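In what follows, a structure is listed as structure tokens, so that the remarks can point back to it.
Numbering (my numbering), first residue to last: 5 to 321.
Written as structure tokens, this is what we have:
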């Protein structure tokens, strides 16, 4: 097991280096330079050159890249060229807020999707299966920002049942009940966004498992179909879902950019959008690198978890 894990980690390291190069190159190819957000048409060339020198933007691209990587290895993601604040400190403040929003939404979506997917797979081709599939297709076609605005207008503005912006009400920063009250609407939006793909994934796995020989054996022993579904089929369906645990990792950071922006949630979303709008390229590069790296690390975690469950993976069978 240790050898398999070390091999997978060794494969990940070159990928992370390639990702860092791609992220840096994409920013360098952007139509606007980072210096554009700091200068005005009235500035003299001497002043612009001084600003470039201050931020190291007058150096060749490869020098800027190695300086950036050196800072990342040392735990320093750099500083915003707009606010001049540490990017690392900003992310350490905002990532927990994003996790607090995305994690419960994903758990709700996973539980709901597992039940609906099992039922749909069990009722394959019947009315209930078609209904669940239609709802999933409809859910996939709804933009999350549109759903968020509908919920805000209906339950926040018209009915005034839930707050529509922020993470806390003024003066209730330490109130858990107030936090939960603010969580409900954005969590509904995210759970609605995460569920359709998971439902279809569980449904297809269920259909595959129901065609296996062990289901016929259990039926021959007189076990009811419902008992077989939730005792035996569920256990085997959950094995491939383990891969989603690893793939959930990038969602914890960048899975709610639009929803956070609509609800004014103080997470990664508004920070990322504002950085793009203001050409704050150090922030954009840091978040792009973080999100891309989490995808690779998430795949690594999925592979390791799957190899623990199924030893044939690590044996190369």
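Glycine included, every Cβ here is placed at the ideal spot set by N, Cα and C.
Here the structure is a predicted model, which is why all the values come from computation and not from measurement.
Cβ atoms of residue j and residue i: under 8 angstroms apart, would you say?
i: residue 84; j: residue 217; result: no
i: residue 148; j: residue 202; result: no
i: residue 193; j: residue 263; result: yes
i: residue 136; j: residue 120; result: yes
i: residue 62; j: residue 53; result: yes
i: residue 273; j: residue 106; result: no
i: residue 246; j: residue 213; result: no
i: residue 219; j: residue 232; result: yes
i: residue 9; j: residue 308; result: yes
i: residue 92; j: residue 79; result: yes
i: residue 20; j: residue 297; result: yes
i: residue 261; j: residue 277; result: yes
i: residue 254; j: residue 215; result: no
i: residue 282; j: residue 67; result: no
Starting from the C-beta of residue i, find all residues in its chain whose C-beta is less than 6 angstroms away, skip the five residues before and the five after it, and write them out in chain order.
i: residue 289; result: 27, 31
i: residue 200; result: 140, 143, 144
i: residue 69; result: 28
i: residue 12; result: 304, 307
i: residue 16; result: 300, 304
Buried or exposed, going by whether 16 or more other CB atoms sit within 10 Å of the CB of residue i?
i: residue 65; result: exposed
i: residue 210; result: buried
i: residue 124; result: buried
i: residue 271; result: buried
i: residue 306; result: buried
i: residue 292; result: buried
i: residue 163; result: exposed
i: residue 207; result: buried
i: residue 94; result: buried
i: residue 24; result: buried
i: residue 72; result: buried
i: residue 156; result: buried
i: residue 96; result: exposed
i: residue 151; result: buried
i: residue 161; result: exposed
Within a Cβ cutoff of 8 angstroms, which residues of the same chain sit near residue i, ignoring the five residues on either side of it in sequence?
i: residue 204; result: 121, 137, 140
i: residue 75; result: 81, 82
i: residue 195; result: 109, 110, 112, 113, 116
i: residue 50; result: none
i: residue 321; result: Unreliable positioning characterises residue 321 in this predicted model, as indicated by a pLDDT of 49, which lies under 50. The coordinate reading is nonetheless provided below. Here the set comprises nothing.
Can you list, in chain order, the residues of its chain with a C-beta nearer than 7 angstroms to that of residue i? Leave out the 5 residues immediately preceding and following it.
i: residue 99; result: 257, 272
i: residue 77; result: none
i: residue 185; result: 166, 167
i: residue 198; result: 109, 110, 113
i: residue 1; result: Given a span of 5 to 321 for the chain in the structure shown, any question on residue 1 remains unanswerable.
i: residue 128; result: 211
Is there a C-beta anywhere in chain C that falls below 8 angstroms from the one on residue i?
i: residue 177; result: Judged by its chain identifiers, the structure shown contains no chain C, having just a single protein chain.
Ordered list of alpha helix (DSSP H) runs contained in the segment 43 to 125, each at least 4 residues:
49 to 58, 65 to 77
Tell me whether the segment 220 to 227 and the segment 169 to 178 touch, counting them as touching only if at least three CB pairs, one residue from each stretch, are closer than 8 angstroms.
no
Can you list, in chain order, the stretches of the beta strand (DSSP E) that have 3 or more residues and sit fully within the segment 236 to 260?
none
Any 3 or more C-beta pairs closer than 8 angstroms across the segment 262 to 278 and the segment 172 to 190
yes
For the structure I just gave you, are there three or more beta carbon pairs, one from the segment 298 to 306 and one from the segment 243 to 257, closer than 8 angstroms?
yes
Considering only residues of the segment 178 to 220, which uninterrupted alpha helix (DSSP H) runs meet the minimum length of 4 residues and lie entirely inside it, listed in chain order?
180 to 214
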